[in-house]
Amino acid sequence: MLHYQLPFEHQDIHYDTIQETDRDQVISILTNYFGPFEPMNHSVGITTQDFAKFAELMTNYVIEKKLSLIAKDKKTQKVVSVTILKDFVEDLPIDVPEVCPKLLPVFALMGELVGRYLEENPNIEKGYIMELLVGITVPTYWNRGISTILWGASENVASKHGFQKIVSCVTGLASQHITLQKLHYQDFFSIPYKTFVFEEKLVFEGIKEISACKLVEKNIQNAF
53 MLHYQLPFEH
63 QDIHYDTIQE
73 TDRDQVISIL
83 TNYFGPFEPM
93 NHSVGITTQD
103 FAKFAELMTN
113 YVIEKKLSLI
123 AKDKKTQKVV
133 SVTILKDFVE
143 DLPIDVPEVC
153 PKLLPVFALM
163 GELVGRYLEE
173 NPNIEKGYIM
183 ELLVGITVPT
193 YWNRGISTIL
203 WGASENVASK
213 HGFQKIVSCV
223 TGLASQHITL
233 QKLHYQDFFS
243 IPYKTFVFEE
253 KLVFEGIKEI
263 SACKLVEKNI
273 QNAF
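Written out as structure tokens, the structure is:
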């Protein structure tokens, strides 16, 4: 497993924290790739138009916090992958019902996972756990290990800022494979998609490629 101090370069890809100059590209990638194609988002019919404002507000927030990461093609200077990181106990300053109401069932499922975690880990203080909230790579750059490297670099970010753990709600095949198989996170708890009920509806029963959303965790002191 590669561990680098940011910024660094590997196989013609530049890895760094998100800068103000990256704002528009990050918003575009989140809007066009994460918004409609993340399994739960896709299942509830979120479009790029639905997700655009949420992506903008989230990008503004993470630029201010200076934790989140990008991968950029050295030749084109285009951002090709984004990893959103935040303090686990700090909520995004976004009014989801107002900005993107279609996300409500997504946040409800993730909220159940987080609630279960907090039941067994009460009194978590700010600065103790970092959350890997979003990871997305442009499809033409898949199968190059970019997300794995970014998420590995996230461990360095967590350590640098004094976090003791990383947690993530991993929703798809790729994110679960990277965290559990490549980066050796521990599987804490799962919620099956086909049985999750939101407002008396099985909102995620159409997700067939993977059975459940998982909350996974990793101790940073054991990461290196």
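The sequence shown begins at 53 in the numbering used here and counts up by one. No residue lacks a Cβ here, since even glycine has one placed at the ideal position from N, Cα and C.
The alpha-carbon separation between Tyr85 and Pro174 amounts to approximately 35 Å.
In the three-state reduction of the DSSP assignment, Pro157 falls in the helix class. In this structure, Trp203 places its C-beta atom within 8 Å of the C-beta atom of Leu184. Beta-bridge analysis with DSSP links Ser211 to no other residue. Rounded to whole angstroms, the Cβ separation of Ile188 and Leu82 is 7 Å, and the two are in contact under 8 Å. Taking Phe240 as the centre and dropping the five residues before and after it, the same chain places the C-beta of Tyr169, Leu267, Val268 and Glu269 closer than 7 Å to its C-beta, in chain order. Here the alpha carbons of Tyr193 and Leu119 stand approximately 23 Å from one another. Residue nearest to Phe250 within the set Ser95, Thr69, Glu72 and Ile79 is Ser95 (criterion: CA-CA distance). The residue from Phe140, Phe256, Thr99 and Gly197 with its alpha-carbon nearest to that of Ile65 is Gly197. In the DSSP assignment, Ser220 is bridged to Val268. For the pair of segments examined, the stretch 99–109 was found to touch the stretch 136–155: the number of CB pairs separated by less than 8 Å reaches three.
Distance from the CA of Pro91 to the CA of Val186, rounded to the nearest whole angstrom, comes to 12 Å.
Restricting attention to alpha helix (DSSP H) runs no shorter than 4 residues, the stretch 76–139 encloses them at 91–95 and 100–117, ordered along the chain.
CA-to-CA, the gap between Val141 and Met182 works out to about 8 Å.
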